[in-house]
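Notes follow the structure.
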Amino acid sequence: MDALLLHRLHFAFTVTYHYLFPQLTMGLALLIVVLKTVALVRHNERYNEAARFWAKIFAINFLIGVVTGIPMEFQFGTNWAQFSRSTGGVIGQPLAMEGVFSFFLESAFLGLFLFGEKRLSPWAHWASAFLVFLGSWISGFFIIVTNAWMQHPVAYQVLPNGSFEVTSFWGLLMNPWALLQYAHNMSGAVITGSFVMCAVGAFYLLEKRFEEHARIFVRVGVIAGAISCVTQIFPTGDLHGRYLAKHQPAAIAAMEGLFSSQAGAPVVLMGQPNETTQSIDNPIVINNMLSFLIYGTTRAEVKGLDQFPRDQWPSPLPLLFYSYHIMAGLGTYFVALMLLAVFLLWRGTLFHTRWALWPLLLSFPLPYIANTAGWMTAEIGRQPWVVYGLIRTSDGYSKNVSAGNTLFTLLGFMGMYTVLSILFIVLVYRTVSEGPSTGVAPPLARLTPSQGA
Amino acid sequence: MGFIWFWIVAVMLAAYVVLDGFDLGVGILHPVLARSESDRQIMLRSIGPVWDGNEVWLLAGGGTLYFAFPALYAAAFSGFYLALMIVLWLLILRGASIELRVHIDDPLWRSFFDALFFLSSALLAVFFGAALANVIRGVPLQADGYFFLPLWTNWRVGPKPGILDWYTVIGGVVALVALAVHGALYLAVKTEGELQERARTFVRRFWAVLFGITVVSLVATIAVRSDALANYSAFPLAYAVPVVVLGSLGGMLYFCRGKSDRKAFISSCIYLAAMLVGAAISLYPRLLPSSNDLGRDITVQNALSGPYALRVGLAWWAFGMVLALIYFVVVYRMFRGKVTLDGGGYGH
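The structure is reproduced here in structure tokens:
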């Protein structure tokens, strides 16, 4: 195995695993604020109990997110030294800002939120929940700004030594790519949070336990889920897709499996890209659809992969094709499921319609898959560049770190994360089977010693 | 600008050592001082609401280092690859051990995480000390500005050093002892009764060890880097720093004997900060000296980011630090006072 592949796998594995946790905490943070707000406004203690239950799930996820997030910041230097050296003058900025503006905020107020409910007034406790939400969403923003610059470099100049320097602070932060990607990504995080909340609610309803709380979970989850599933496709996905088509035409051609340019380009719903014959095997297509989606007219010509030299094709191409199709397919399913659930909720029958509660329970892993597939689409689509059009991935990794050392630490992370996964599943299972507790005293502070944020 | 950012990074890392230092110290002392389950819980609770925030100084400091000195970040992080990965694994295990222990009330589950908490805290202290010693000793930089160090070679400070050699191991031991004493002084402030008494006794017993190893490390540094005192000769005023080191060492013992725990703990904070400032003075303007070819030193000048980025950075950094200080004041005030086991965990 060559060093480049191992360095790519190293980052891909650790970041993919890491992002399983923040996508839930960012989504849940918002939903917890919603629960706390309803509790305050309507003086409904059930909503506070619901918030406390989700705070426990949040805390476990947050911990795994923090400890698996630390390696991400270090790996820019350890595994991608050449890239870091050239680009630190630009993306070092948002990464440092994430630490200064987000991590301090989150770590400080999570402790108050989890353990301070007895000491704080209801409004102050609401504020601590809000600040945790704010911190986690700011953190997401700075990471997206960093990634967006790699996808679509703006506001930079090349210094005499070949490295890059930012030329406009606001230009970097307000990169149009970053704004579109942020909206799309955060909506995706809310989808994960909503589906997980719905699934736990549906589970309790099907089991006929904790039904009062379960109805809150399903109601909040379905409403938030319906809103976020729709915004995921329109406007955020739609706008992001068009911007991508304009600035990374090779990526969109590969995502859609469009080998040759054509007017009235089709959308391939299903099929297997064949790089040898440069065609799609077993295609199921909608004619003219791709031209319409990108340009608003069925006649427009869309550039195919034949317009780009082979060494600028994203690789691995089939994986990109599948990632994109899995994301888009699941996204469509999410909208259908959530609109159905909203309809039943409006009719007042959802809570005892078992055939609808079952898919709500079973679907919770799917947003994780969709979010992961979406990120794979973005990151593989950017290949063969680490910074689009400026630095090739093959020029970015740490040449001084051998393949043997990289494999050693990759295996180490795999082992470590296997252990973390087991611990995580055990603890979440316990929390869900214990269920939300009723009563005024905060169960976290009463039942378990207060040990940190 | 380079001078300012050198000290910004140095101060952030010093803040990390002083703050996360005491919770690492509590981890090192966990099996030594705790005699019962309630002792173990009290020790963990004393750091519970703050350890994560303390650790953020490492992340924020690392991010700032990347931003201000990208060439140093790239060379050092890839060159110390294996040691850094081990540090990352230890940070993961330590975070998990602190937070997950409470979730299941089972003696085996708790013992497992207790052991993990101790081992990861102690090894982290050793690795951080060794890391600083590596930076002081220097590394065999190649012409392209990169290097790669194995974990160990022949344990000598020679032309082919490893991350661990006799000199860097001394650095690791200094950190281990210093953070253990630092943690004990923190516990003396945060606890009462027998546990507090045991923490004070630990400080009195290990003070001489800390004093001895500190002196040994200073002598060893001068032996390993003949130019370690160059800046001190140029600016004799800098000799105030080693005087502060010795003074704060004395203060630790004096105040601990007089049961002025808070003052003793502050002395320990000053001791750690002064040791780091002393090392930083000795380094400046180098960031990572070369151990073979002096022309290859990574310095403030050749690793610095562009002027615009640094100017803007100064503005948001100052603003962000004010916010961070406010959060820290809020949290430490909220959880001030002695740790007890009843109620929400924190009585007054």
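Listed in order, the protein sequences are those of chains A and B. If you're matching positions, the first sequence starts at 1 in our numbering and goes up one per residue. If you're matching positions, the second sequence starts at 1001 in our numbering and goes up one per residue. C-beta atoms are modelled at their ideal positions from N, C-alpha and C, and glycine is treated no differently.
- DSSP places SER163 (chain A) outside both helix and strand once states are collapsed to three, so it counts as coil.
- Distance check between SER398 (chain A) and each of B:GLY1079, B:VAL1126, B:LEU1314 places B:GLY1079 closest, using alpha-carbon atoms only.
- The CB of ILE138 (chain A) never comes closer than 7 angstroms to any CB in chain B; the least such distance is about 11 angstroms.
- Boundaries cannot be given for VAL1139 (chain B), as no beta strand (DSSP E) includes it and DSSP labels it neither H nor E.
- Taking CB atoms only, MET97 (chain A) has a neighbour in chain B less than 8 angstroms away.
- DSSP, read as helix, strand or coil, puts LEU390 (chain A) in coil.
- For the stretch 1085-1116 of chain B, the set of residues with a beta-carbon nearer than 9 angstroms to any beta-carbon of chain A comprises MET1085, ILE1086, VAL1087, LEU1088, TRP1089, LEU1091, ILE1092, LEU1093, ARG1094, GLY1095, ALA1096, ILE1098, GLU1099, LEU1100, ARG1101, VAL1102, HIS1103, ILE1104, ASP1105, in chain order.
- Nearest to GLN82 (chain A) by alpha-carbon distance, out of A:THR25, A:SER163, A:GLU117, is A:SER163.
- Excluding residues up to 5 positions away in sequence, ALA1014, VAL1017, VAL1018 lie with their Cβ nearer than 8 angstroms to the Cβ of ALA1273 (chain B) in the same chain.
- For ASN405 (chain A), there is no enclosing beta strand (DSSP E); the residue is found in the alpha helix (DSSP H) stretching over 403-434.
- Under the DSSP assignment, PRO273 (chain A) falls in the beta strand (DSSP E) whose first and last residues are 267-274.
- Within the stretch 1065-1090 of chain B, no beta strand (DSSP E) run of at least 3 residues lies entirely inside it.
- At a cut-off of 8 angstroms between beta-carbon atoms, TYR1186 (chain B) makes no contact with chain A.
- Of B:LYS1263, B:VAL1126, B:ARG1286, the smallest CA-CA separation from ASP1227 (chain B) is found for B:ARG1286.
- Chain-ordered listing is empty here: chain B has no CB closer than 9 angstroms to the CB of ALA124 (chain A), the nearest sitting near 10 angstroms.
- Between the stretch 1030-1044 of chain B and the stretch 1253-1265 of chain B, the count of Cβ pairs shorter than 8 angstroms is below three; the stretches do not touch.
- One Cα belongs to TRP1109 (chain B), the other to ASN1054 (chain B), and the distance between them is close to 26 angstroms.
- Here PRO266 (chain A) is near LEU290 (chain A), since their CB atoms are less than 8 angstroms apart.
- Within chain A, the C-beta atoms nearer than 9 angstroms to that of LEU1323 (chain B) come from VAL100, PHE101, PHE104, LEU105, in chain order.
- At least one CB of chain A lies nearer than 8 angstroms to the CB of PHE1077 (chain B).
- Inside the stretch 1281-1314 of chain B, DSSP marks whole alpha helix (DSSP H) runs of 4 or more residues at positions 1300-1303, from first to last along the chain.
- With a beta-carbon spacing of about 6 angstroms, GLY171 (chain A) and VAL154 (chain A) fall inside the 8 angstroms limit used to define contacts.
- Spatial neighbours of VAL66 (chain A) in its own chain (CB-CB distance under 7 angstroms, excluding positions within 5 residues in sequence) are not present.
- Setting aside the 5 residues that flank it on each side, ALA1188 (chain B) is surrounded in the same chain by GLN1196, ALA1199, ARG1200, ASP1261, each with a C-beta closer than 6 angstroms to its C-beta; the list follows chain order.
- Using a 10 angstroms sphere on the CB of LEU1325 (chain B), the tally of other CB atoms stays under 16, which defines it as exposed.
- Chain-order list of chain B residues neighbouring VAL166 (chain A): TYR1308, ALA1309, by C-beta distance under 7 angstroms.
- Between VAL285 (chain A) and PHE133 (chain A), the alpha-carbon positions lie close to 42 angstroms from each other.
- DSSP places GLN157 (chain A) in the uninterrupted beta strand (DSSP E) bounded by 156-158.
- At least 8 angstroms separates the beta-carbon of ALA263 (chain A) from that of ALA214 (chain A).
- Under the Cβ distance rule, GLU301 (chain A) does not count among the residues neighbouring chain B, no pair being separated by less than 8 angstroms.
- For the C-beta of LEU1082 (chain B), the chain A residues within less than 7 angstroms are, from N- to C-terminus, ASN405.
- Shown here for THR1168 (chain B): same chain residues with a beta carbon closer than 6 angstroms to its own, the five before and five after excluded, namely ALA1130, ALA1133, ASN1134 in chain order.
- With fewer than three CB-CB distances shorter than 8 angstroms, the stretch 221-230 of chain A does not count as touching the stretch 315-329 of chain A.
- Cβ-Cβ distances below 6 angstroms link GLN151 (chain A) to TRP177, ARG382, TYR388 in the same chain, with the five nearest sequence neighbours on each side left out; the list follows chain order.
- DSSP lists A:PRO273 as the bridge partner or partners of ILE280 (chain A).
- For the set A:TRP375, A:LEU244, A:THR377, the Cα lying nearest the Cα of LEU293 (chain A) is the one of A:LEU244.
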